[in-house]
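Per our numbering, residue 1184 is the first one in the sequence shown, and the count goes up by one each step. Right, one structure below, let's go through it.
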Amino acid sequence: MFSVQYQLQSGVRQGGVLSPVLFAVYVNSLIETLCRSGYGCYVGSLFVRCVMYADDLLVSASIHKLQLIVDICCSCRYDI
């Protein structure tokens, strides 16, 4: 079954040659903001503030701090 079609107005083309670079530029300010926030968790003895793999980038040791990170993501401005 297919959903209703709609025209995308902006974004990065899936599978495009420049897509990974454009995505990295787009989320760079968000990653910097998350790193400055001080939130994250320990993996062994290493403190991890932000892990990015494809479109996944959130990590936290508690639900409360994860919500704070999500709030940062929702309020981050993307000035590109």
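For glycine and all other residues, C-beta sits at the position ideal for the given N, C-alpha and C.
Which same chain residues end up closer than 7 Å to residue i when comparing Cβ atoms and leaving out the 5 residues on each side of it in sequence?
| i | result |
| --- | --- |
| Lys1248 | Tyr1222 |
Cα separation between residue i and residue j?
| i | j | result |
| --- | --- | --- |
| Thr1216 | Ser1193 | 23 Å |
| Val1267 | Cys1218 | Residue 1267 is absent from the model: the chain starts at 1184 and stops at 1263. |
| Leu1191 | Ser1243 | 32 Å |
| Cys1224 | Ile1246 | 12 Å |
Taking DSSP's pairing of strands, which residues face residue i in a bridge?
| i | result |
| --- | --- |
| Tyr1209 | According to DSSP, which records beta bridges pairwise, Tyr1209 is partnered with nothing at all. |
| Val1187 | Note: Val1187 sits in no beta bridge, so no partner. |
| Tyr1225 | Phe1230 |
Using the three-state DSSP reduction, which class does residue i fall into: helix, strand or coil?
| i | result |
| --- | --- |
| Leu1201 | coil |
| Val1231 | strand |
| Cys1259 | coil |
| Gln1192 | coil |
| Val1245 | For the sequence presented, residue 1245 should be read as Ser rather than Val. Coil. |
What residues in its chain sit with their C-beta under 6 Å from that of residue i, if we drop five residues either side in the sequence?
| i | result |
| --- | --- |
| Cys1259 | Leu1213 and Thr1216 |
Note down, in chain order, each residue of its chain lying with its Cβ closer than 8 Å to the Cβ of residue i, except the 5 sequence neighbours on either side.
| i | result |
| --- | --- |
| Ser1220 | Arg1232, Leu1251, Ile1252 and Ile1255 |
Item to check | Given 8 Å, three or more beta-carbon pairs between the segment 1214-1232 and the segment 1191-1202 | outcome: no
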